[in-house]
DNA sequence: ATGATAATGGTATATCATTATCATAGCGAA
DNA sequence: TTCGCTATGATAATGATATACCATTATCAT
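Chains as they are written, first to last, in my numbering: chain A, 3 to 132; chain B, 3 to 132.
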């Protein structure tokens, strides 16, 4: 018996699977719907609990975005940014970095990082707008 | 008497002044503190009300940002992005655009706009960290 | 299979930004 | 100066997101 006894549950597995298979950042609600496909009856509280645990473990990474709920994505990807579809709201990964190496800052300012978001319409939503 | 009778109040003037003099986007709380310098007793509800009116008039523009309250800045500036100080939380304007002209998107995606945020330490906060 | 206890599900509650309510103050036209 | 009516200030209510609570379920070492 260890100090903390972590158990593997179907819900936990379903939630991890949801993020692992998504290939894009998911909101808690999206993760819920996806996890429920694998294990019906998963509750939203369990999703939040597991997200928090997975973030603490370093397996998940929060993706905060302007004016919308926080998404979470599997950690460890190389530097990249995101695209949000104006139609469906889904967030997608963008490969690479579209930022200049050195954005010019006001005198005396020091940069430590940056975020870049592209907005538009995803492939799945374009046909629907014809 | 016109259909709608808009009155000029000291509060309204103080709030507009706050944004006009800031030269950077302000949160409602920041606008409140600044407006109270010009007219003590201004309430936060009045700030929100006037911000809403000024946005509808097109004089103010909302600036949504990741994981923090919406800021508002005087409209009509040319394309630019923002810098947020990790120490004091203030948002500053950055001149120009640090984004590549054409970020590569997944197949079939269409871009309509982008946002860029730089994080770091502002000039005012660097001495305090020595 | 058993049992100690971690984890869950359903829901109430916390949190925070913003909006609505309403009695009162104070613009401004006459 | 008067007076109608808008704007204000204080605060309650709201909406969205996230956490707390607790009775019940289910994992896993034995």
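The C-beta atom is built at its ideal place from N, Cα and C for all residues, glycine as well. Keep in mind it's a predicted model, so treat the numbers as computed, not measured.
The CB of residue 115 of chain A comes closer than 8 Å to the CB of 120, 121, 122 in chain B, given here in chain order. Note that the segment 84 to 99 of chain B does not touch the segment 91 to 98 of chain A; fewer than 3 beta-carbon pairs, one per stretch, sit closer than 8 Å. A Cβ-Cβ distance of about 20 Å is found for the pair residue 33 of chain B and residue 8 of chain B, leaving them out of contact under the 8 Å criterion.
In the three-state scheme derived from DSSP, where H, G and I count as helix and E and B as strand, residue 107 of chain A is classed as coil.
In chain B, no part has a C-beta under 8 Å from the C-beta of residue 53 of chain A; the shortest such distance is about 15 Å. The three-state secondary structure of residue 36 of chain B, taken from DSSP, is helix. Under the Cβ distance rule, residue 73 of chain B does not count among the residues neighbouring chain A, no pair being separated by less than 7 Å. Contact annotation, residue 117 of chain B with residue 68 of chain A: C-beta distance approximately 6 Å; criterion of less than 8 Å satisfied.
Between the beta-carbon of residue 28 of chain A and that of residue 74 of chain A there is about 6 Å, and that keeps the pair under the 8 Å contact cut.
Nearest to residue 12 of chain A by C-alpha distance, out of A:37, A:56, A:21, is A:37. Note on residue 47 of chain A: under 16 other CB atoms within 10 angstroms of its CB, so exposed under the neighbour-count rule. Straight-line measurement puts the Cα of residue 106 of chain A at about 23 Å from the Cα of residue 23 of chain B. Counting the other CB atoms within 10 Å of its CB gives residue 10 of chain B a total below 16, which places it among the exposed residues.
If you draw a 10 Å sphere on the C-beta of residue 20 of chain B, you find 16 or more other C-beta atoms in it, and that means buried. Going by beta carbons, residue 122 of chain B and residue 112 of chain A fall inside the 7 Å limit. For residue 56 of chain A, no CB of chain B lies under 7 Å from its own CB, so it is not counted at the interface with that chain. Separation of the CB atoms of residue 14 of chain B and residue 52 of chain B is rounded to 6 Å, and the pair is thereby assigned contact status at 8 Å. Considering only B:124, B:58, B:97, B:83, the residue with the shortest C-alpha distance to residue 66 of chain B is B:83. Secondary structure at residue 30 of chain B: helix, using DSSP grouped into helix, strand and coil.
The C-alpha of residue 54 of chain B is placed about 10 Å away from the C-alpha of residue 60 of chain B. Using a 10 angstroms sphere on the CB of residue 100 of chain B, the tally of other CB atoms reaches 16 or more, which defines it as buried.
At a Cβ-Cβ threshold of 7 Å, residue 95 of chain B and residue 35 of chain B do not count as neighbours. Residue range 46 to 59 is occupied by the alpha helix (DSSP H) that includes residue 48 of chain B.
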